[in-house]
Every structure is written in structure tokens, then in C-alpha cells.
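K.L.:
My structure is below; once you've seen it, I'll send some questions.
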Amino acid sequence: AHLWRGVIAEYADRLPAHLSEKVVTLGEGGTPLVAAPVLSERTGAEVLLKVEGMNPTGSFKDRGMTTAISAAAARGAKVVVCASTGNTSASAAAYATAAGMLCAVLVPDGKIAMGKLSQAIAHGARLLQVDGNFDDCLVAARKLADAYAVELVNSVNPDRIQGQKTAAFEVVDALGDAPDIHALPVGNAGNITAYWKGYTEYAADGTASRTPAMWGFQAAGAAPIVAGHPVTHPETIATAIRIGNPASWAQAEDARDTSGGLIEAVTDDQILAAHRVLSSEVGVFVEPASAAGVAGVLALAEQGRVPAGARIVVTVTGHGLKDPQWALRTADGSEVVPVRVSADVVSIADALELA
Ligand code: F0G
Numbered sequence: 002a003h004l005w006r007g008v009i010a011e012y013a014d015r016l017p018a019h020l021s022e023k024v025v026t027l028g029e030g031g032t033p034l035v036a037a038p039v040l041s042e043r044t045g046a047e048v049l050l051k052v053e054g055m056n057p058t059g060s061f062k063d064r065g066m067t068t069a070i071s072a073a074a075a076r077g078a079k080v081v082v083c084a085s086t087g088n089t090s091a092s093a094a095a096y097a098t099a100a101g102m103l104c105a106v107l108v109p110d111g112k113i114a115m116g117k118l119s120q121a122i123a124h125g126a127r128l129l130q131v132d133g134n135f136d137d138c139l140v141a142a143r144k145l146a147d148a149y150a151v152e153l154v155n156s157v158n159p160d161r162i163q164g165q166k167t168a169a170f171e172v173v174d175a176l177g178d179a180p181d182i183h184a185l186p187v188g189n190a191g192n193i194t195a196y197w198k199g200y201t202e203y204a205a206d207g208t209a210s211r212t213p214a215m216w217g218f219q220a221a222g223a224a225p226i227v228a229g230h231p232v233t234h235p236e237t238i239a240t241a242i243r244i245g246n247p248a249s250w251a252q253a254e255d256a257r258d259t260s261g262g263l264i265e266a267v268t269d270d271q272i273l274a275a276h277r278v279l280s281s282e283v284g285v286f287v288e289p290a291s292a293a294g295v296a297g298v299l300a301l302a303e304q305g306r307v308p309a310g311a312r313i314v315v316t317v318t319g320h321g322l323k324d325p326q327w328a329l330r331t332a333d334g335s336e337v338v339p340v341r342v343s344a345d346v347v348s349i350a351d352a353l354e355l356a
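For the sequence shown, the UniProt record's numbering assigns the number 2 to the initial residue and increments by one for each residue that follows.
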């Protein structure tokens, strides 16, 4: 039996040596690649989901946080900081705790899913709600790290990208080659940058025969890359990707253009519809932002733009339990109320309409 040792140990030969000096891991990576026949049928392609909600803190951020915190630990850092729409803060707080560091978190006022906020607090982060949006938080976090003995662990930190590129390695290792298309949500654009780096590295040394087309999807109310200019007041129910001025904008455009891919927008309605398909038809519970990639692939399929039989991997980035409120409303917006029954088998069977 092989015990998964976390992404640094598993991919040490493909990561910069400084990341292995003082490894801080919670066993991240090694996430399932799940076939989604329902989505394959709907799109005429072969759709597989890379289920990143299975990471230790419930999102893909853990891949980059093991590397960022390990690098910080090797440098003797005592305090780290991040700006976050929620998942980065949950991950940074957990890994900082494992490393014995203090974690400062800057989150936009009132737009953080409860699950993520609980994680950061549970792990003892110094949580500050900033009067501003994510982009304001990131500017402030960068300035703080410049002026004080504090390490920045956002994805502008290259160690983050190194860790997150391992997700592309895992996809190729599982499939034997790169897929035709890789789809994923885009917020601050670190993850599309990281996947593209991983895929190009594997292709460069012949581990994969090719690279996939990268398909990125932003929420329509927070789609600066699609619009071609920053969005001053980004708005979407997918709070994780409510970002108006992505730090890795240029790298995302490069991944799109070099791979022959695309970056497009999906509406909140499309995101919630995909969220519902994933939970009620596929069996995978994700947070709304995580459904943006699936929403995009479904939208393109409807427009006849998904090549027949293409193998498409879609990253679903974070766990549904992070932001569960969306499951408790029906498609028309009304509240889901559990059916009450007495504890006898007849009324239970009646309620289930088994007779
Ligand atoms: N999906 C989820 C669940 C996220 O939390 C994020 C980013 C993304 C997708 C987009 O990834 O930023 O690399 O393009 N969340 C960051 C955070 C911004 O603070 O947790 P990206």
C-alpha cells in the first residue's frame, strides 16, 4: 500500500529544492478524478472532474499552501499574511498552525462564506474584515509584506504556483496523457497559471504528448479578463471568484492564448444551475464558484462549441460544505423545508410514497 505523502514529497523531483528543506504538509493532493457520465452525455464529450474539495481544508489552495508555508518555514518566518475571498485564508490558517506561525488574514467585508470564515477562526488566524473588496485586500496585504517582517502567501508568491501545478501532474499521471481540454473557474487567476505551468512542464520532457486547451470561466459580474479591463465593483454569488483585478491576469491570458483556449463569462444563474446538476445528478457537492467551470462547459456545449468525444477535465475547486446555503433553496428560490414524520414505519413509508 502506498501512503500519499502530500504534494511536496510526491513531486519533489519536479519542484524547486528549497521547498523540501522544511516540509509543512497536511497530506494535500492525491484528489479523485471522477468520471461524470451525466455531463459526458449532456456535452457529447468525455467529462472528468478533478475534485479539489477533497483536500485537507476543502479546496485546491492546500497544494499551494504546503509549498508557500514550507518555504516561509525554511526562511524562519514567524508571521504570514494573505488577502482572501475565503479559501486561501482557511488554508493559510491551517498550514500556519501546522508550522507554528501566526497567520493574518484580510477578507472583504461581509462577503465570505460562513464555512471558510469558521475555518480561519478555528485555526487561530488573526482575521481582519477590510472595508473594501478582495482587490483592496490584496493591495494592502502586499504593502504589509513589503513593510514588515511578514510573508505574503497569496498566489503572487511563486511558491504557491509551484505547489498548485501538481494538480496538472496528477491529471496526466491518472490519464496517461493530457486531456484535450482543461476547464476551471478563474478568480485571481493563480490556478489557471499553475495548471498551465504543470501541463507545459510535463509536455516539455515528454511525460505528456501534448498540452490541453485551457478553458477559464469568470463570473459575469466579475469578469475583467473577458471585458479587457478591471471591474471596480465585482458582484457575483460565487464569492470565491468575486475579483475585479486578478493578480495573474497576464499569465492567464498567456495560458489561454498559448494553449488555444478561451476565457469566458458565466452568469450566476448558469453557475447555480451547474451547481445543482453537480449535486443532484452527478453526486458531487461543490461551492458555487467551483461550479463555474462546469457551467462554462455546459454553456459551450449548448452553443455547439464542445468538440465531439473530446476528453475534458474540469476542476471543481472547493467543497460544498464551505457555503452550504445554496443547497437549501429550490431552483425557484423557495426555502427547502424537511418533511416531518412521526417515528413509525408506516408514516415514514407513506412520506416516501413506497406503498
Ligand atoms: N474556486 C474557488 C473555490 C476559489 O476559492 C478560488 C479563489 C477560485 C476558484 C479561483 O482561483 O484565484 O486561482 O483564479 N479563491 C481565492 C481565495 C481568491 O482567496 O480563496 P484563482
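Glycine included, every Cβ here is placed at the ideal spot set by N, Cα and C.
Keep in mind the model is a prediction, meaning the values are calculated, not measured.
1) Could you tell me which residues DSSP puts in a beta bridge with leucine 128?
2) Can you tell which of Thr268, Val25 and Val307 has its C-alpha closest to the C-alpha of proline 289?
3) Look up arginine 243 in the DSSP assignment and say whether it is helix, strand or coil.
4) For arginine 76, count the other beta carbons within 10 Å of its own beta carbon; 16 or more makes it buried, fewer makes it exposed. Which is it?
5) Evaluate the contact criterion for the segment 132-144 versus the segment 69-86: three or more CB pairs, one atom per stretch, below 8 Å.
6) Under a CB-based cut-off of 8 Å, is glutamate 202 close to chain D?
7) Which one or two residues does DSSP pair with histidine 320 in a beta bridge?
8) Could you give the distance in angstroms between the alpha-carbon of alanine 99 and the alpha-carbon of glycine 54?
9) Considering only the beta carbon of each residue, do valine 48 and valine 278 sit closer than 8 Å?
10) If I measure Cβ to Cβ from valine 173 and keep anything under 7 Å in the same chain, skipping five residues before and after, which residues do I get?
11) In three-state DSSP terms, what is tryptophan 250?
12) Only counting the same chain, and skipping five residues up and downstream in sequence, which positions put a Cβ closer than 8 Å to that of lysine 23?
13) How many angstroms separate the CA atom of asparagine 246 from the CA atom of asparagine 189?
14) Taking the C-alpha atoms as reference points, what is the distance between glutamate 11 and glycine 191?
15) Rounded to whole angstroms, what's the CA-CA distance from valine 298 to valine 307? Just pull it up for me.
16) I believe valine 340 touches serine 348 by the beta-carbon criterion, under 8 Å. Please report the beta-carbon distance rounded to the nearest angstrom.
17) Which word fits arginine 211, buried or exposed, when buried means at least 16 other C-beta atoms lie within 10 angstroms of its C-beta?
18) At a cut-off of 7 Å, is alanine 241 close to ligand 1 when judged by its beta-carbon and the heavy atoms of the ligand?
19) Does ligand 1 have even one heavy atom less than 7 Å from the beta-carbon of glutamate 202?
20) Can you tell me whether lysine 117 is buried or exposed? The criterion is at least 16 other CB atoms within 10 Å of its CB, across all chains shown.
21) In terms of residue numbering, what span does the alpha helix (DSSP H) encompassing proline 186 cover?
22) Compute every distance between the C-beta of glutamate 288 and the non-hydrogen atoms of ligand 1, then say whether any falls below 7 Å.
23) Given this structure, state the Cα-to-Cα distance separating leucine 27 from glycine 59, to the nearest angstrom.
P.N.:
A quick look at the data gives this:
1) The sequence position of residue 128 within the sequence shown is 127, counting from 1. In the DSSP output, where bridge partners are listed per residue, leucine 128 has Val106.
2) Here residue 289 refers to the residue found at position 288 when the sequence shown is read from its first residue. Per the Cα distances, Thr268.
3) In the sequence shown, the residue the question calls residue 243 occupies position 242. Coil.
4) The residue you call residue 76 lines up with position 75 of the sequence shown. Arginine 76 comes out exposed.
5) yes
6) This model lacks chain D altogether, as it is built from one protein chain only.
7) Position 319 of the sequence shown, counted from the start, is the residue given in the question as residue 320. Its beta-bridge partners are Val287.
8) Within the sequence shown, numbered from 1, the residue matching residue 99 stands at position 98. Within the sequence shown, numbered from 1, the residue matching residue 54 stands at position 53. C-alpha separation (whole angstroms): 20 Å.
9) Here residue 48 corresponds to residue number 47 of the sequence shown, with the count starting at 1. Here residue 278 corresponds to residue number 277 of the sequence shown, with the count starting at 1. Cβ distance not < 8 Å, so valine 48 and valine 278 don't count as in contact.
10) The residue given as residue 173 occupies position 172 in the sequence shown. Excluding residues within five positions, the ones whose Cβ falls inside 7 Å are Ala179, Tyr203, Thr208 and Ala209.
11) The residue you call residue 250 lines up with position 249 of the sequence shown. DSSP places tryptophan 250 in helix when its eight states are reduced to three.
12) For the purposes of this step, residue 23 is identified with residue 22 of the sequence shown, where counting begins at 1. The residues are Ser71, Ala74 and Ala75.
13) Residue mapping note: residue 246 aligns to position 245 of the sequence shown, counting from 1. Residue mapping note: residue 189 aligns to position 188 of the sequence shown, counting from 1. Roughly 7 Å separates the two Cα atoms.
14) The count along the sequence shown starts at 1 and reaches residue 11 at position 10. The count along the sequence shown starts at 1 and reaches residue 191 at position 190. Each residue's alpha carbon lies about 21 Å from the other.
15) Within the sequence shown, the letter at position 297 stands for residue 298. Within the sequence shown, the letter at position 306 stands for residue 307. Distance between the alpha carbons of valine 298 and valine 307: 7 Å.
16) Residue numbering aside, residue 340 sits at position 339 when the sequence shown is read from its first letter. Residue numbering aside, residue 348 sits at position 347 when the sequence shown is read from its first letter. Their Cβ separation, rounded to whole angstroms, is 10 Å, which puts valine 340 and serine 348 out of contact at 8 Å.
17) Stepping through the sequence shown from its first residue, residue 211 is reached at position 210. Exposed, since its Cβ has fewer than 16 Cβ neighbours within 10 Å.
18) What you label residue 241 is simply residue 240 of the sequence shown in a count that begins at 1. Answer for alanine 241: yes, Cβ within range of ligand 1.
19) Position 201 of the sequence shown holds residue 202. The answer is no for glutamate 202.
20) The residue given as residue 117 occupies position 116 in the sequence shown. Flag for lysine 117 reads buried.
21) Counting from 1 along the sequence shown, the entry for residue 186 is found at position 185. Careful: proline 186 lies outside any alpha helix (DSSP H), inside the beta strand (DSSP E) at 182-186.
22) Along the sequence shown, read from residue 1 onward, the residue named residue 288 stands at position 287. At least one heavy atom of ligand 1 is nearer than 7 Å to the Cβ of glutamate 288, so yes.
23) Indexing the sequence shown from 1 puts residue 27 at position 26. Indexing the sequence shown from 1 puts residue 59 at position 58. One C-alpha to the other measures close to 12 Å.
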